[in-house]
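These notes concern the structure reproduced below.
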Amino acid sequence: MSSPHQTHEHRHQNGHAKADGHVSSLAQRSLDRLVDPSSRRRAYDSASSLAAARPILFSFAITQLLFSFLPLLLFVIFSASTVIFALGAAIFFALFWVGIALLLLVPALLVVSSIALLVWGWALGSFLIARWLYAHAPVSANRLVHVDAAGRHFDVVKNENGVDAKVGDQQ
1 MSSPHQTHEH RHQNGHAKAD GHVSSLAQRS LDRLVDPSSR RRAYDSASSL
51 AAARPILFSF AITQLLFSFL PLLLFVIFSA STVIFALGAA IFFALFWVGI
101 ALLLLVPALL VVSSIALLVW GWALGSFLIA RWLYAHAPVS ANRLVHVDAA
151 GRHFDVVKNE NGVDAKVGDQ Q
């Protein structure tokens, strides 16, 4: 009969074995998604045939890969983080200056809109006053008016081109 301590150790080891099995199967499935198992098998076969045919070249290549992997990985991480930082800084820089430009744009638009409103009001007022004056002029539109003054006779016509007058002798 086993002691409670041994049973606990046995359960503990079985738990680790199950966890290790789960992790390895997850890693295997992930690797299968990245690299096709048949392609991976061909790479393993060609690597083992190279190791058998040229062991010195193979050991040199593996040693170079093992020792170069960490610096290459650090360089890639550094490069990626530098690019990400630069993009973040560029976005922040651009947003900052866009905000400053908005601080200048809003008052400029307020001033320009006010000037445009004043010019529009002036044009509308001028039109209304001119129309009122035109309507109240002594000569009505498209009518002939006969004016006698100092022995002379004037025929005055008010039309779209302005006022036309003909001078004639009194009869």
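At position 90 of the sequence shown the residue is numbered 90 (the UniProt record's numbering), and the sequence of numbers has no breaks. Note that beta-carbon positions come from the ideal geometry of N, C-alpha and C, so glycine has one too.
Item                                                                                                   : Value
Could you compute how far the alpha carbon of isoleucine 100 sits from the alpha carbon of alanine 90? : 15 Å
Identify whether alanine 53 lies in helix, strand or coil by the three-state DSSP scheme.              : helix
Cα separation between serine 25 and alanine 53?                                                        : 33 Å
Where does residue 198 fall in DSSP's three states?                                                    : Because residue 198 is not part of the residues shown, which for the chain are 1 to 171, the question remains open.
Could you compute how far the alpha carbon of leucine 102 sits from the alpha carbon of serine 79?     : 34 Å
Could you compute how far the alpha carbon of histidine 136 sits from the alpha carbon of serine 126?  : 15 Å
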